[in-house]
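Chains as they are written, first to last, in this note's numbering: chain S, 635 to 771; chain Z, 635 to 771.
Report on one structure; see the data block that follows.
There are 2 protein chains.
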Amino acid sequence: MNTAAIQWLDTIRWDRDGLVPVIAQEAGTGDVLMFAWMNREALQATAERGQAVYWSRSRHKLWHKGEQSGHFQQVHEMRMDCDNDVLLLKVTQAGHAPGEPGIACHTGRHSCFYQRLEGHQWVAVEPVLVDPERFYK
Amino acid sequence: MNTAAIQWLDTIRWDRDGLVPVIAQEAGTGDVLMFAWMNREALQATAERGQAVYWSRSRHKLWHKGEQSGHFQQVHEMRMDCDNDVLLLKVTQAGHAPGEPGIACHTGRHSCFYQRLEGHQWVAVEPVLVDPERFYK
Numbered sequence: 635m636n637t638a639a640i641q642w643l644d645t646i647r648w649d650r651d652g653l654v655p656v657i658a659q660e661a662g663t664g665d666v667l668m669f670a671w672m673n674r675e676a677l678q679a680t681a682e683r684g685q686a687v688y689w690s691r692s693r694h695k696l697w698h699k700g701e702q703s704g705h706f707q708q709v710h711e712m713r714m715d716c717d718n719d720v721l722l723l724k725v726t727q728a729g730h731a732p733g734e735p736g737i738a739c740h741t742g743r744h745s746c747f748y749q750r751l752e753g754h755q756w757v758a759v760e761p762v763l764v765d766p767e768r769f770y771k
Numbered sequence: 635m636n637t638a639a640i641q642w643l644d645t646i647r648w649d650r651d652g653l654v655p656v657i658a659q660e661a662g663t664g665d666v667l668m669f670a671w672m673n674r675e676a677l678q679a680t681a682e683r684g685q686a687v688y689w690s691r692s693r694h695k696l697w698h699k700g701e702q703s704g705h706f707q708q709v710h711e712m713r714m715d716c717d718n719d720v721l722l723l724k725v726t727q728a729g730h731a732p733g734e735p736g737i738a739c740h741t742g743r744h745s746c747f748y749q750r751l752e753g754h755q756w757v758a759v760e761p762v763l764v765d766p767e768r769f770y771k
């Protein structure tokens, strides 16, 4: 790999675990879809594929978003914050079928942020678009 | 404090440092403004004030966003993700003067996510709205 290709990765202030927090935002609607982590390898893979590849902290391995569900994220743009330690991806989120609403959440919802604080309670306020049993076999 | 008021805080899966990642999104535009952290005390303060109060990991203290700059964040809505370990705030971001564009970033920009990956380079693509020297005295 040439120097320029390494430099943009070195600019990032990776945390003590070698990770960076990543926010995925739907390009068309502006909806915040999910939050995850990347290590250096995941970010390189994301840049090369043009699809989001995260680091799964629970499974300790690369996680090509959509590999099981089919709900891939096409990455249009990558942003970095002022402290060089958080990334924002503008994505197109695949859904159950072409033309159907994007499904980012493993619960079958559009966005992972479907619980709203109402008074002192978290309430699920977004519909399940597709039963997860249909995409996790 | 009564039980219900404690439960919504206990629902959150705080990390090993007692923190939760927080995304601030502009309610009107959908722009992702910044990313920060809260501890339990910061989140309680946020809920009570209706303005974002974060935990500063560098200064090890509560950080009432805007306390120095005047760029407060009025919180309209709080969301939690499917794993109960990330928060999303819908906010109105104060700017330099009433009616002017919101300034979330300490560089004087609207959003902290002003660096875009272009090829193998991070490029600042958003304008500085107000010289930070005017609000950090």
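No residue lacks a Cβ here, since even glycine has one placed at the ideal position from N, Cα and C.
The model shown is predicted, which means the values in this text are computed figures rather than measured ones.
- Take HIS705(Z), set aside five residues on each side of it, and the residues of its chain with a beta-carbon closer than 6 Å to its own are ALA728, ILE737, in chain order.
- In this model, ARG743(S) and PHE669(Z) are separated by some 23 Å (Cα to Cα).
- In the DSSP assignment, GLU660(Z) falls outside any alpha helix (DSSP H) and lies within the beta strand (DSSP E) extending over 653-660.
- Distance from the CA atom of LEU751(Z) to the CA atom of MET712(S), rounded to whole angstroms, is 6 Å.
- Distance from the CA of TYR770(S) to the CA of HIS740(S), rounded to the nearest whole angstrom, comes to 9 Å.
- Assigned with DSSP and collapsed to three states, GLU734(S) falls in coil, not helix or strand.
- DSSP places THR726(Z) inside the beta strand (DSSP E), whose first and last residues are 721-727.
- In terms of Cβ geometry, MET714(S) and LEU723(S) do not form a close pair [threshold 7 Å].
- Interface annotation for the stretch 700-719 of chain S against chain Z: GLU711, MET712, ARG713, MET714, ASP715, CYS716, criterion Cβ-Cβ distance under 7 Å.
- Closest option to ALA661(Z), judged by alpha-carbon separation, among VAL666(S), ALA658(S), GLY662(S), GLN678(S): VAL666(S).
- The stretch 669-680 of chain Z makes contact with the stretch 646-656 of chain Z, as at least three CB pairs between them are under 8 Å.
- Between HIS754(Z) and TRP689(S), the C-beta gap is not smaller than 7 Å, which leaves the two residues out of contact.
- Collapsing the DSSP output to three states places GLN707(S) in a strand.
- The straight-line gap separating the alpha-carbon atoms of THR663(Z) and TRP697(S) is approximately 31 Å.
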